[in-house]
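Undergrad: The structure under discussion is supplied below as structure tokens; questions concerning it will follow.
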Amino acid sequence: MLLLKQISPPFHLHQLRRRISTIISAGFTLNLPKLEPSSDAELISQMLITNHNPFHFMESSLQLNGISLTPNLIHQTLLRLRHNSKIALSFFQYLRSLPSPSTTPTSFNLIIDILGRVRQFDVVRQLIVEMDQTSPETFLILVKRLIAAGLTRQAVRAFDDAPCFLENRRFRLVEFGFLLDTLCKYGYTKMAVGVFNERKEEFGSDEKVYTILIAGWCKLRRIDMAEKFLVEMIESGIEPNVVTYNVLLNGICRTASLHPEERFERNVRNAEKVFDEMRQRGIEPDVTSFSIVLHMYSRAHKAELTLDKMKLMKAKGISPTIETYTSVVKCLCSCGRLEEAEELLETMVESGISPSSATYNCFFKEYKGRKDANGAMNLYRKMKNGLCKPSTQTYNVLLGTFINLGKMETVKEIWDDLKASETGPDLDSYTSLVHGLCSKEKWKEACGYFVEMIERGFLPQKLTFETLYKGLIQSNKMRTWRRLKKKLDEESITFGSEFQRYPFEPYKR
DNA sequence: CTAGGGTTAG
Numbered sequence: 000m001l002l003l004k005q006i007s008p009p010f011h012l013h014q015l016r017r018r019i020s021t022i023i024s025a026g027f028t029l030n031l032p033k034l035e036p037s038s039d040a041e042l043i044s045q046m047l048i049t050n051h052n053p054f055h056f057m058e059s060s061l062q063l064n065g066i067s068l069t070p071n072l073i074h075q076t077l078l079r080l081r082h083n084s085k086i087a088l089s090f091f092q093y094l095r096s097l098p099s100p101s102t103t104p105t106s107f108n109l110i111i112d113i114l115g116r117v118r119q120f121d122v123v124r125q126l127i128v129e130m131d132q133t134s135p136e137t138f139l140i141l142v143k144r145l146i147a148a149g150l151t152r153q154a155v156r157a158f159d160d161a162p163c164f165l166e167n168r169r170f171r172l173v174e175f176g177f178l179l180d181t182l183c184k185y186g187y188t189k190m191a192v193g194v195f196n197e198r199k200e201e202f203g204s205d206e207k208v209y210t211i212l213i214a215g216w217c218k219l220r221r222i223d224m225a226e227k228f229l230v231e232m233i234e235s236g237i238e239p240n241v242v243t244y245n246v247l248l249n250g251i252c253r254t255a256s257l258h259p260e261e262r263f264e265r266n267v268r269n270a271e272k273v274f275d276e277m278r279q280r281g282i283e284p285d286v287t288s289f290s291i292v293l294h295m296y297s298r299a300h301k302a303e304l305t306l307d308k309m310k311l312m313k314a315k316g317i318s319p320t321i322e323t324y325t326s327v328v329k330c331l332c333s334c335g336r337l338e339e340a341e342e343l344l345e346t347m348v349e350s351g352i353s354p355s356s357a358t359y360n361c362f363f364k365e366y367k368g369r370k371d372a373n374g375a376m377n378l379y380r381k382m383k384n385g386l387c388k389p390s391t392q393t394y395n396v397l398l399g400t401f402i403n404l405g406k407m408e409t410v411k412e413i414w415d416d417l418k419a420s421e422t423g424p425d426l427d428s429y430t431s432l433v434h435g436l437c438s439k440e441k442w443k444e445a446c447g448y449f450v451e452m453i454e455r456g457f458l459p460q461k462l463t464f465e466t467l468y469k470g471l472i473q474s475n476k477m478r479t480w481r482r483l484k485k486k487l488d489e490e491s492i493t494f495g496s497e498f499q500r501y502p503f504e505p506y507k508r
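Residue numbers (numbering that gives the first Met the number 0): 0 to 508.
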């Protein structure tokens, strides 16, 4: 892979062939294990990226390497190209052009998702019409990407039109629930309720659908509406279950303001009320219920209350999960009680739960607050040495830490690690980096990453754009600005008011 | 994609 990287764009087949045979012979002498499909995919996608789509070489180089394009390998390659929509599409078209086309429904759905992320809906529609590989999932993916792009009306229309493409396989309640859930997750709860009311006769309704809508109102901090829907649900004869109540509980606890002590106490009472109501209906609160409350105590930095509550739940015979422990660890870290947090890590391990990157991120967050570069680097090294795989969020906190400290060399080092990691940079990574570079007045570099993030399908925040724009104009970098402007026109991106509405993707687990 | 909890954020 490294050897392939070194071949720069005007390259020749014999060059590529020589490199590949070097790799193969190196493999023999070093006795490397046989390539797995995933590392083959790594090789292919790397080849595609660094050599700017050498499709005319692909077949011969694949043959040389003894690789055959299995459906799984195609899928893996597309996965690795998911942030490079243009190359991914070229690869996909290449697959279609082969004598025996090797696209599968799975790879088809993946390319639809990749294109949807960069809002290439015209291409998506064209592919759906041209190819006969459309499954119900294809439409659900399209629906999700349309909603993510703020095109909710089109999303509902795509949902309605789907049966025409699916030999009249009708969507049922599950798919309807997905539509509503996606609308809610991206903040379009009102629209979801509208759609629900229009079609509840057709699709029916169950506790899941109501839970989705209640969660939607909670997301908008409309607890009053959430409670109204709970009442409506019970009135229409649908029994809420533990998930429904947990959603409501989370709505109350998550966004609850904790500042003046009275408000915090009022929220605690509200949460207790939900617990009481649950028990009245014969539903026992579960680990999730307790974790939600623990999280609220943790946000309020109530270390003692958090620890007591955890004891209480253990006494009730409910075993904490990794989420529960992480909440408590977060609380201890944010109270500066790092030693106790470390002790809790040991307790976790003893009870058979190994900390995740999310757990360790609490420590990184505290190091960031303390501007403790050594603490952060030590833990980071331990993680790299096999303690636990850092997540994108881990990298993001680290980036923030060293940007704040002005240590741009370390930032570069972490960025390279992040680039090489499995998941790669996300919207937040790019945002931090671009803002960091802007604060150092490295406008051209910032601009480069800004363009890169767009190419990878991340929609920058309006603030990021404005910061960069002001910097470029003030420092008279008109040529860079014009290049950027051209890019934005090409991708038809404008930073109007509508862009403030969906700066983030909903969190996925 | 498949109703819910932990990490992140100028």
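By construction, the Cβ of each residue, glycine as well, lies at the ideal position given by its N, Cα and C atoms.
For M417, which residues in the same chain have their Cβ closer than 8 Å to its Cβ, ignoring the five residues on either side in sequence?
TA: In the sequence under discussion, the amino acid at residue 417 is Leu, which differs from the Met named in the question. Hits under 8 Å: T391, Y394, L398, G423, P424, S428.
Undergrad: Quick one: grab the DSSP three-state call for L398.
TA: Annotated three-state conformation of L398 is helix, per DSSP.
Undergrad: Beta carbon of D39, beta carbon of Q62: below 9 Å?
TA: no
Undergrad: When the Cβ atoms of the segment 234-253 are set against those of the segment 287-299, are three or more pairs found closer than 8 Å?
TA: yes
Undergrad: Give the single residue among L178, T466, G374 whose Cα lies nearest to the Cα of L145.
TA: L178
Undergrad: Quick check: what's the CA-CA separation for V327 versus M309?
TA: So the two alpha carbons sit approximately 8 Å from each other.
Undergrad: Leaving out the 5 sequence neighbours to the left and right, which residues in its chain are closer than 6 Å to L483 when beta-carbon positions are compared?
TA: Same-chain partners within the cutoff: C446.
Undergrad: Answer yes or no: do Q102 and L94 have a C-beta to C-beta separation smaller than 9 Å?
TA: This sequence places Thr at residue 102; Gln is not what is there. For T102 and L94, yes; Cβs fall inside 9 Å.
Undergrad: Just the C-alpha distance for I492 and K461, rounded to the nearest angstrom, thanks.
TA: 11 Å
Undergrad: To the nearest whole angstrom, what separates the beta carbons of R302 and C332, a pair I think is in contact under 8 Å?
TA: One detail in the question is off: residue 302 reads as Ala in this sequence, not Arg. Contact flag wrong, Cβ pair sits at about 10 Å.
Undergrad: Between R79 and the rest of its own chain, which residues show a CB-CB distance below 6 Å, the 5 nearest in sequence each way excluded?
TA: Contacts found: A40, S44.
Undergrad: Terminal residues of the continuous alpha helix (DSSP H) containing K199?
TA: 188-202
Undergrad: Where does I317 land, buried or exposed, given buried means 16+ other C-beta within 10 angstroms?
TA: buried
Undergrad: Only counting the same chain, and skipping five residues up and downstream in sequence, which positions put a Cβ closer than 8 Å to that of L343?
TA: Y324, V327, V328, L331
Undergrad: Starting from H294, trace the alpha helix (DSSP H) in both directions and tell me its first and last residue.
TA: 286-298
Undergrad: In angstroms, rounded to a whole number, what distance separates the CA positions of Y209 and K199?
TA: 11 Å
Undergrad: Given a cut-off of 9 Å on the beta-carbon distance, is the pair T466 and C437 in contact?
TA: yes
Undergrad: Identify, in the order they occur along the chain, each residue of the same chain with its Cβ nearer than 8 Å to the Cβ of L212, setting aside the five sequence neighbours on each side.
TA: L179, C183, T188, A191, V192, F195, F228
Undergrad: Rounded to a whole number of angstroms, what is the C-alpha to C-alpha distance between E264 and L304?
TA: 12 Å
Undergrad: On the criterion of 16 or more Cβ atoms from any shown chain inside 10 Å, does K315 qualify as buried, or is it exposed?
TA: exposed
Undergrad: CB L487 to CB F457, shorter than 9 Å?
TA: Annotated as distal: L487 and F457, with beta-carbon spacing of 9 Å or more.
Undergrad: Do you know whose CA, among A372, M382, L378, lies nearest V407's CA?
TA: The residue you asked about is not Val; residue 407 is Met in the sequence shown. Here the closest residue by C-alpha is A372.
Undergrad: Identify, in the order they occur along the chain, each residue of the same chain with its Cβ nearer than 6 Å to the Cβ of K476, setting aside the five sequence neighbours on each side.
TA: W442
Undergrad: Tell me the residue span of the alpha helix (DSSP H) that contains N266.
TA: 260-279
Undergrad: Considering Cα atoms alone, identify which of I321, L306, N108, G215 is closest to V286.
TA: Comparing Cα-Cα distances from V286 to each of I321, L306, N108, G215, the minimum goes to I321.
Undergrad: Within its chain, find whatever has a CB closer than 7 Å to the CB of F164; leave out the 5 residues flanking it on each side and keep chain order.
TA: I127, T133
Undergrad: Can you tell me whether P32 is helix, strand or coil according to DSSP?
TA: Legend: pLDDT at P32 = 39, less than 50; position of this residue unreliable, value from coordinates given subsequently. Residue state, collapsed to three classes: coil.
Undergrad: Mapping DSSP to helix, strand and coil, what is P104?
TA: Three-state DSSP puts P104 in a helix.
Undergrad: Which residue wins for smallest C-alpha separation from S350, given the options F363, E231, P319, L109?
TA: Residue P319 holds the alpha-carbon nearest to the alpha-carbon of S350 among F363, E231, P319, L109.
Undergrad: Taking all protein chains shown into account, decide if P459 is buried (16 or more other Cβ within 10 angstroms of its Cβ) or exposed.
TA: Burial is judged here by how many other beta carbons sit within 10 angstroms of a residue's own beta carbon; P459 has at least 16 and is buried.
Undergrad: Cutting at 6 Å between CB atoms, please list the residues of its own chain near A357, excluding the five before and the five after it.
TA: Counting only Cβ-Cβ distances below 6 Å, and skipping sequence neighbours, we find T325.
Undergrad: With a CB to CB cut of under 8 Å and the five nearest residues on each side skipped, what residues in its chain are close to M277?
TA: Excluding sequence neighbours, M277 sits near V241, Y244, E283, P284, S288.
Undergrad: Report the residue from H300, N384, I111, T137 whose alpha carbon sits nearest the alpha carbon of H82.
TA: I111
Undergrad: Comparing alpha-carbon positions, which option in M57, S59, E260, T105 lies nearest L511?
TA: An answer regarding residue 511 cannot be provided, because it is not within the stretch 0 to 508 covered by the chain.
Undergrad: Tell me which same chain residues have a C-beta within less than 8 Å of the C-beta of L257, skipping the five on either side of it?
TA: F263, N266, M295, R298, A299
Undergrad: Using the Cβ count rule (16 or more neighbours within 10 Å means buried), how would you classify A157?
TA: Residue environment for A157: buried (at least 16 other C-beta atoms within 10 angstroms of its C-beta).
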